[in-house]
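The structure appears right after this line, and notes come after that.
Residue numbers (the working numbering): 58 to 126.
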């Protein structure tokens, strides 16, 4: 399996499994890929929280509002 496939497969793994893999590596995936996936998820969550706090509307919400619904 190549590195891109490994990276893509990690997207389907739960946070708990990723954390366990970081603490006790099984060798199924390189540590740097596991860490990268954890960091990617944290960035996504942080961005979502920032948007929620700023009350930034989504594109879908803007379209619905613009259509008068």
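No residue lacks a Cβ here, since even glycine has one placed at the ideal position from N, Cα and C.
Residue 86 has its alpha-carbon roughly 7 Å from the corresponding atom of residue 63.
Ranked by how close their Cα comes to the Cα of residue 71, the residues 110, 122, 116 and 98 have 98 in first place. In this chain, the alpha helix (DSSP H) harbouring residue 66 covers 60-67. The three-state secondary structure of residue 110, taken from DSSP, is helix.
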